[in-house]
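Colleague:
Residue numbers (this note's numbering), protein chains in the order written: chain A, 30 to 436; chain B, 30 to 436.
(1) Take residue 363 (chain A) as the anchor and find which of A:386, A:385, A:428 and A:337 has the nearest alpha-carbon.
(2) What does a CB cutoff of less than 7 Å around residue 210 (chain A) pick up in its chain, not counting 5 residues either side in sequence?
(3) Please compile the residues from chain E whose C-beta is within a distance smaller than 7 Å of the C-beta of residue 172 (chain A).
(4) Give a yes or no on whether 8 Å exceeds the smallest Cβ distance from residue 150 (chain A) to chain B.
(5) So, does the CB of residue 6 (chain B) fall closer than 8 Å to a CB anywhere in chain A?
(6) When you compare only the Cα positions, how much space is there between residue 372 (chain B) and residue 286 (chain B)?
(7) For chain A, check one thing: does any of its Cβ atoms lie closer than 8 Å to the Cβ of residue 28 (chain B)?
(8) Kindly indicate if chain B contains any beta-carbon less than 8 Å away from that of residue 140 (chain A).
(9) Going by C-alpha distance, which of B:128, B:347, B:63 and B:233 is nearest residue 159 (chain B)?
(10) Going by beta-carbon coordinates alone, are residue 133 (chain B) and residue 167 (chain B) separated by less than 8 Å?
(11) At 8 Å on the CB atoms, spell out the chain A contacts of residue 185 (chain B), in chain order.
(12) Given this structure, state the Cα-to-Cα distance separating residue 310 (chain B) from residue 317 (chain B), to the nearest angstrom.
(13) For residue 295 (chain B), list the residues DSSP reports as bridge partners.
(14) Using the beta-carbon of each residue, which ones in chain A are nearer than 7 Å to residue 45 (chain B)?
(15) Alpha carbon to alpha carbon, how far is residue 387 (chain A) from residue 334 (chain A)? Give it in angstroms, no decimals.
(16) Have a look at residue 222 (chain B) and residue 280 (chain B) and give me their C-alpha separation to the nearest angstrom.
(17) Secondary structure at residue 185 (chain B), three-state DSSP: helix, strand or coil?
(18) What residue range does the alpha helix (DSSP H) around residue 77 (chain A) cover?
(19) Spell out a yes or no on whether the stretch 293-307 of chain B and the stretch 398-407 of chain B are touching, meaning 3 or more CB-CB pairs, one atom from each, closer than 8 Å.
(20) Straight-line CA distance for residue 395 (chain A) to residue 374 (chain A)?
(21) Counting only C-beta atoms, is residue 343 (chain A) closer than 8 Å to chain B at any point?
(22) Identify, in the order they occur along the chain, each residue of the same chain with its Cβ nearer than 7 Å to the Cβ of residue 272 (chain B), setting aside the five sequence neighbours on each side.
(23) Could you check if residue 383 (chain B) is buried or exposed, using at least 16 other CB atoms within 10 Å of its CB as the buried criterion?
(24) Quick check on residue 288 (chain B): does DSSP put it in helix, strand or coil?
(25) Do you know offhand how far residue 67 (chain B)'s Cα is from residue 201 (chain B)'s?
(26) In whole angstroms, give me the CA-to-CA distance for residue 380 (chain A) and residue 417 (chain A).
(27) To the nearest angstrom, how far is it from the Cα of residue 424 (chain A) to the Cα of residue 212 (chain A)?
(28) Would residue 104 (chain A) count as contacting chain B if we go by Cβ distances under 8 Å?
(29) Given that residue 98 (chain B) touches chain A, what residues does it touch there, using C-beta distances under 7 Å?
(30) List, in order along the chain, the chain A residues whose C-beta lies closer than 7 Å to that of residue 82 (chain B)?
(31) Is the beta carbon of residue 40 (chain B) less than 8 Å from the beta carbon of residue 73 (chain B)?
(32) Rounded to the nearest angstrom, what separates residue 353 (chain B) and residue 412 (chain B) at their Cα positions?
(33) Taking only the alpha-carbon atoms, compute the straight-line gap between residue 137 (chain A) and residue 415 (chain B) and give it to the nearest angstrom.
(34) Taking the beta strand (DSSP E) that residue 320 (chain B) falls in, what are its first and last residues?
(35) Count the other CB atoms within 10 Å of the CB of residue 25 (chain B); is the residue buried (16 or more) or exposed (fewer)?
(36) Find out if the Cβ-Cβ distance for the pair residue 70 (chain B), residue 165 (chain B) is shorter than 8 Å.
Listed below in structure tokens is the structure:
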């Protein structure tokens with residue numbers, strides 16, 4: 030049994046006309062002899078409508094009840110789409126999380142998938158050619174409905190593809206694939222034919238909002254081939270696969286930007302063992318995710334620690350830092366919400382020296398001051414002033430000639 | 030463990046203000062040491078909104094998908110109400126059909142409950158004081174969501190009460206209970222303190238739209254005490270119980286009317302064996318429910334057969350009858366959509382003669398012509414011209430002094 034998983038987001042299933050277009054997408058693998066799992070999100074706007082109801086009803090809605098509430102969005106879209114398929118003479122049915130045995134942990138609102146009952150899904154294929162599965166939802170250990178968090182339908186699709194050992198997981202979205210840079214910023218940005226999981230993870234976490242990051246982790250863990258493509262064209266998109274020979278030739282896969290950055294500097298912290306734990310422990314406990322962290326070598330027994338957080342967390346982070354003052358005599362706190370991160374990503378970076386130097390040079394050539402630097406094996410990130418972000422992306426994209434196919 | 034089941038309809042849970050009133054109703058048995066199952070319908074208008082979506086999507090929506098779609102209405106109301114209870118400090122959770130193991134047959138859209146996993150519900154009471162159960166829904170033998178048909182939440186509530194051997198099943202509605210006649214027609218109509226299952230069955234099927242008829246059948250089968258009462262007052266309503274000593278004294282419980290009647294007369298049918306089957310077989314196959322049937326003794330080898338159907342089915346029924354003409358030479362077909370049924374119901378009728386005569390006399394006293402008569406052990410129904418219906422109801426109500434308490 031050849032199986033194809035196809036995921037369609039909220040804008041792809043927004044109304045009847047949209048769903049008719051999705052129907053055409055489903056016909057393609059059907060015509061090629063595939064059995065199909067179509068994973069659907071809630072219709073555009075529906076989840077927000079339901080969340081607004083929850084907010085009207087309760088100042089702090091119970092997370093489990095909130096999940097029971099908002100999971101109805103996917104239930105509605107799958108039932109409607111299955112009706113459409115049946116009317117088109119296709120043997121189809123809707124499948125909810127409890128029917129597919131999509132088990133998660135108990136973290137309502139951001140649950141993680143633990144297992145999927147692939148035998149149950151395969152049994153449904155005895156009588157049906159298309160299973161219209163509700164994305165975003167699962168069942169907790171106590172049998173209650175859980176949801177996977179925003180963008181969770183991507184994860185549902187990849188997880189189902191992994192469980193069924195599907196030939197391919199197609200993620201339909203409103204962009205044509207993964208680009209070397211944001212086409213809105215760089216006119217010469219090129220669509221990547223293929224990208225590997227690690228690069229995609231860096232791209233996704235850097236702000237390329239094509240795929241939900243957990244779905245990429247899932248795809249990587251189970252080696253699920255993912256095809257990111259557009260609902261609105263028939264052109265092939267970007268293939269997300271394991272590293273292969275072809276890829277090794279490509280030095281870099283892209284430049285990404287992340288505007289959701291705010292910087293906090295603790296100047297002249299007393300440099301004692303445990304000082305970092307003393308700073309970042311309380312931030313983690315307050316639920317604040319810290320992104321970049323830089324600590325300079327100590328001088329005269331004090332050091333500067335700089336880190337970045339999401340802009341919405343800046344106020345909360347500053348409040349936490351204030352509490353440290355008593356133990357950090359002489360410390361000065363600076364902050365800046367007008368900063369952005371630009372990153373170069375590429376698996377080829379591992380085997381090539383000089384990439385970093387060339388990147389810094391490209392930014393310097395445009396008189397862009399680098400505020401912080403952070404690197405991993407396959408990426409280089411620089412924090413810069415927000416006003417330079419587009420200029421920086423274009424400068425890096427040009428310097429490495431990412432607009433040209435690298436073979 | 031003392032258990033109280035309370036059912037709240039769509040108008041009772043329409044919005045936040047309504048649900049706050051329902052919260053007060055739930056507090057009463059809680060304060061008396063009961064564990065409570067609150068069975069909720071979808072918020073008023075919601076089921077119709079979802080059905081309209083189905084109609085937009087498909088000319089003949091697949092019944093199973095339609096059930097998956099419309100069952101979200103109850104899922105939304107239970108999640109919202111559970112939020113409200115939790116915010117009020119009450120240990121509560123929502124419970125969907127698949128979580129309560131409410132198994133039905135596979136007749137989507139009008140499924141019948143086969144069993145309920147009472148152990149699962151009792152286990153939930155370990156940690157919760159109120160279970161907010163979704164009415165109207167079940168799970169079919171193949172694990173798909175089914176719905177019980179309009180008014181099905183009444184049946185859900187009574188079935189859950191039966192499964193849990195609850196002390197009582199309270200059905201909250203927008204009327205104060207069951208009356209001896211429609212108070213809109215008879216100003217002296219009296220609220221019945223109690224009524225037995227058989228009488229209620231006759232009352233319900235005659236058009237007293239207080240309780241869904243299948244819920245009464247369920248209550249009768251499992252001897253579930255049901256209390257029909259108003260969401261808008263604290264006054265006791267009508268107790269639906271097994272026949273008891275007190276009841277035997279009451280001769281009659283009420284007068285009901287049913288305006289949804291249309292009459293068809295087949296005059297001068299050839300009277301041969303199998304003629305009735307030849308008439309009513311095709312009608313049943315066409316999905317037409319026939320209510321009253323009267324056949325006069327044959328004369329000169331022909332007979333008159335008269336029956337009534339729902340007005341919406343009149344056209345379809347006449348078309349079926351036309352097909353019989355070939356085999357029924359000389360038959361004349363008459364019909365009349367301007368007829369109504371008035372009925373006297375009462376378990377005391379069994380042991381008293383003269384009730385029928387007195388009823389006919391009361392109608393004759395108002396010059397009301399009786400078109401058809403049909404009787405059972407505990408009811409007498411007369412078909413009359415529609416224009417006389419209110420007059421007939423008042424005449425019967427007065428003749429038997431139903432406005433006075435009978436002890």
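Cβ coordinates follow ideal geometry from the N, Cα and C atoms, glycine included. Just so you know, these numbers come straight off a predicted model, no measurement behind them.
Modeller: By the coordinates alone:
(1) A:337
(2) 218, 283, 284, 422, 426 and 431
(3) Absence of chain E from the displayed structure is noted, the protein chains being A and B.
(4) no
(5) With chain B covering only 30 through 436, there is no way to say anything about residue 6 (chain B).
(6) 6 Å
(7) With chain B covering 30 to 436 only, the question about residue 28 (chain B) has no answer from this structure.
(8) no
(9) B:63
(10) yes
(11) In chain order: nothing, as chain A lies at least about 17 Å away.
(12) 10 Å
(13) B:334 and B:362
(14) 85 and 86
(15) 26 Å
(16) 14 Å
(17) helix
(18) 75-86
(19) no
(20) 20 Å
(21) no
(22) 225 and 376
(23) exposed
(24) strand
(25) 11 Å
(26) 30 Å
(27) 14 Å
(28) yes
(29) 105, 108 and 109
(30) 109
(31) yes
(32) 25 Å
(33) 58 Å
(34) 319-324
(35) Here chain B comprises residues numbered 30 to 436, so residue 25 (chain B) is not present and cannot be evaluated.
(36) yes
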